[in-house]
Structures are given as structure tokens and as C-alpha cells.
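Contents: one structure, followed by commentary.
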Amino acid sequence: MKENITMTETMKPAPASVSIKGLNKSYGKLQVLKGIDIEVEPGEVVCLIGPSGSGKSTLLRCVNLLEEPQGGTITVGHTEVTDPDVDINAVRTRMGMVFQQFNLFGHLSVLDNCTIAQVKVLGRSKATAEQVAREQLAKVGLAGKENSLPSQLSGGQQQRVAIARALSMNPELMLFDEPTSALDPEMVGDVLGIMRELADEGMTMLVVTHEMAFARDVADRVVFMADGVVVEEGPAEQVIGNPQHERTKTFLARVLDPTHVAQAQQDAAEGASAKS
1 MKENITMTET MKPAPASVSI KGLNKSYGKL QVLKGIDIEV EPGEVVCLIG PSGSGKSTLL
61 RCVNLLEEPQ GGTITVGHTE VTDPDVDINA VRTRMGMVFQ QFNLFGHLSV LDNCTIAQVK
121 VLGRSKATAE QVAREQLAKV GLAGKENSLP SQLSGGQQQR VAIARALSMN PELMLFDEPT
181 SALDPEMVGD VLGIMRELAD EGMTMLVVTH EMAFARDVAD RVVFMADGVV VEEGPAEQVI
241 GNPQHERTKT FLARVLDPTH VAQAQQDAAE GASAKS
């Protein structure tokens with residue numbers, strides 16, 4: 001007999017806000033985050049950009065407490081996740097995280113990769129977990145791959161499994177840490193397409209990325225980080241198309257191709273014209 005999924009199990013939770021205030025993180029004597037302040041509204045997409053070593057990934061890992069900050073506060077929704085008394089596991093169930101490396105269980109099928117946390121963490125029955133997983137796998141274009149092992153999939157497909165796995169937990173917030181950096185160029189578009197769909201659906205997203213075109217087109221705001229501090233932040237068309245800080249200008253000149261620069265500058269000019 002097929003089990004019916006209850007409304008509470010399938011309904012989407014309201015997207016969460018994120019408030020980061022005065023965040024500090026050090027490894028020994030090396031301070032990698034220096035008083036970071038970032039606010040993310042419910043349903044907002046914020047992209048973190050900047051050179052390697054600027055603290056972007058560390059910041060993301062602090063949000064779900066994979067890294068423990070030494071100072072400052074992080075609040076997700078109404079929960080201060082940096083409170084020493086917080087239930088870390090309960091907090092993490094409300095967030096989905098997608099890493100550079102796919103972090104799939106190589107000995108488990110695609111379906112099992114997407115059900116194991118549902119059963120062990122959320123307490124769903126196996127039948128319910130499988131139904132939810134199949135729905136999410138179909139959403140990311142992997143219907144029919146449920147019985148495949150990760151090794152039988154392309155890198156882009158494995159990353160889409162990782163996204164489906166995260167979505168199967170009904171998160172309020174999605175964290176993406178350079179989700180396309182390990183992919184061959186021809187596979188990047190599929191993963192970015194899924195992320196665009198999530199943005200269109202109103203998912204709160206905090207994204208570390210080097211994909212400037214994605215940041216320009218999808219992000220509500222862009223935060224440029226360097227040397228552990230926020231150098232510049234604002235609407236995507238402003239930060240990418242008309243950066244104000246010399247450090248931002250130098251970085252973008254190195255990573256943007258001329259086509260993207262021209263498009264970003266045009267977007268910024270049109271935005272300024274519309275406001276005048």
C-alpha cells in the first residue's frame with residue numbers, strides 16, 4: 001500500500017532571512033573574517049564574489065556551523081545559530097548546502113543518497129522519503145537515474161543530485177559554495193539553470209560564485225569580499241557594472257570578459273536612467 005505524504009511534509013517552509021553581524025573567524029593567528037556584516041532578506045539571492053582566500057567559503061560554512069566563529073552573531077529566521085545553547089542539528093535541517101565537490105556517498109544509489117538524511121534526520125518513512133526524492137530528482141532533470149551510482153553520472157549530474165538531496169529536506173535557506181567550480185564548462189549551464197529556477201521560486205540563497213554572468217543576472221545583491229572584509233556591496237548591476245571601490249574594479253577587470261563588462265555597464269546605465 002502506497003503511503004500518502006502529509007501536507008506538513010511536502011509544503012514549502014517560508015524562506016528564511018539571514019543576519020550576520022560582526023562576524024570574526026580565525027585559524028590560529030590568521031584572521032580570515034574581520035567583522036563581517038551582511039543582511040539577507042527572505043527570498044533574496046545574494047552572491048559573494050572575490051579573490052581566492054577572501055573568506056567567502058569560510059563565511060558560508062560559518063552560517064551552518066561547519067566552522068565555528070570566534071565572534072559576532074548569525075541569525076537565520078528567528079534563530080541565533082551562534083547561541084551556544086542552540087541545537088546545531090536542528091538548525092542544519094533548515095538549511096541546504098551544496099559544495100564544490102559533490103559529497104555524495106559513492107556506494108549508495110542516487111535515490112538512497114537523497115533519502116538517507118530524510119529518514120535519519122527528519123524521521124520520514126522510507127516510502128515518503130523516496131517519493132519526495134523522486135519529485136526532487138525529476139525537478140533537476142534526473143528522473144530515471146534513481147538507481148544509478150554517482151560514478152555512473154557526469155559531474156553536472158552529480159551536482160544536480162546534490163541539489164536534489166538538499167531540496168528533499170525542505171530547507172528555508174540554500175547555501176551554495178562554488179557549485180560549478182569542479183565542473184567541465186559544458187556542464188555548468190545545467191546547474192546554473194536549476195539555481196535560476198530556485199531563485200524564481202523565491203528561495204533564499206547565499207551563493208559563493210565565480211560565475212559573474214550568473215551573479216549579474218540572478219542575484220538581488222552582490223557582496224565583494226577581499227582579505228576577510230566586505231569591500232563593496234549593492235545591487236548586482238551596480239557592483240558588477242559600476243563598481244565604486246578600486247579593489248572591486250581590479251578584481252572584475254581580471255575575471256570579466258569584455259562582453260560581460262559591456263553588458264554589466266549597460267545594465268548599470270539603464271538602472272541609473274530608470275531611477276532619474
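Oh and the sequence shown: position 224 is 224 in full-length UniProt numbering, straight run, nothing missing. Just so you know, even glycine gets a beta-carbon here, dropped at the ideal spot from N, CA and C.
Please name the residue in the options whose C-alpha comes closest to that of residue i.
| i | options | result |
| --- | --- | --- |
| residue 38 | 231, 247, 249, 256 | 231 |
| residue 283 | 227, 228, 248 | The structure shown does not extend to residue 283, since the chain spans only 1 to 276, so no value can be given for it. |
| residue 101 | 21, 45, 83, 161 | 161 |
| residue 236 | 221, 245, 244 | 221 |
| residue 21 | 50, 27, 43, 81 | 81 |
| residue 36 | 138, 56, 42 | 56 |
| residue 103 | 201, 195, 166, 199 | 166 |
| residue 150 | 250, 215, 112 | 112 |
| residue 108 | 138, 148, 91, 207 | 148 |
To the nearest angstrom, how far is the alpha carbon of residue i from that of residue j?
| i | j | result |
| --- | --- | --- |
| residue 146 | residue 136 | 11 Å |
| residue 32 | residue 127 | 44 Å |
| residue 58 | residue 175 | 12 Å |
| residue 229 | residue 69 | 14 Å |
| residue 9 | residue 155 | Only weak support is given to the placement of residue 9: the predicted model assigns it a pLDDT of 44, under 50, and the value that follows is read from those uncertain coordinates. Approximately 30 Å between the Cα atoms of the pair. |
| residue 65 | residue 254 | 32 Å |
| residue 277 | residue 183 | With the chain covering 1 to 276 only, the question about residue 277 has no answer from this structure. |
| residue 47 | residue 252 | 14 Å |
| residue 177 | residue 205 | 11 Å |
| residue 212 | residue 203 | 20 Å |
| residue 209 | residue 72 | 24 Å |
| residue 44 | residue 188 | 22 Å |
| residue 124 | residue 86 | 23 Å |
| residue 239 | residue 219 | 11 Å |
| residue 142 | residue 106 | 17 Å |
| residue 216 | residue 133 | 31 Å |
| residue 196 | residue 190 | 10 Å |
| residue 51 | residue 90 | 33 Å |
| residue 207 | residue 245 | 21 Å |
| residue 256 | residue 241 | 10 Å |
| residue 144 | residue 200 | 25 Å |
| residue 284 | residue 157 | A question about residue 284 goes unanswered here, because the residues of the chain that appear run from 1 up to 276. |
| residue 88 | residue 42 | 21 Å |
Within its chain, find whatever has a CB closer than 7 Å to the CB of residue i; leave out the 5 residues flanking it on each side and keep chain order.
| i | result |
| --- | --- |
| residue 13 | 170, 172 |
| residue 25 | 32, 33, 58, 62, 67, 69, 70 |
| residue 194 | 140, 160, 163 |
| residue 181 | 100, 210 |
Below 6 Å CB to CB, which residues in the same chain sit around residue i once its five sequence neighbours on both sides are set aside?
| i | result |
| --- | --- |
| residue 130 | 115 |
| residue 18 | 40, 76 |
My assumption, with CB atoms under 8 Å, is that residue i sits in contact with residue j. Please give the rounded CB distance.
| i | j | result |
| --- | --- | --- |
| residue 93 | residue 121 | 6 Å |
| residue 16 | residue 77 | 4 Å |
| residue 98 | residue 179 | 5 Å |
| residue 74 | residue 153 | Wrong, their Cβ atoms sit about 34 Å apart, outside the cutoff. |
| residue 192 | residue 214 | 5 Å |
Would you call residue i buried or exposed, if buried means 16 or more other Cβ atoms sit within 10 Å of its Cβ?
| i | result |
| --- | --- |
| residue 185 | exposed |
| residue 118 | buried |
| residue 159 | buried |
| residue 84 | exposed |
| residue 30 | exposed |
| residue 49 | buried |
| residue 168 | buried |
| residue 28 | exposed |
For residue i, which residues from the same chain have a beta carbon less than 8 Å from its beta carbon, with the 5 sequence-adjacent residues on both sides left out?
| i | result |
| --- | --- |
| residue 54 | 225, 226, 227, 228 |
| residue 243 | 224, 232, 249, 252 |
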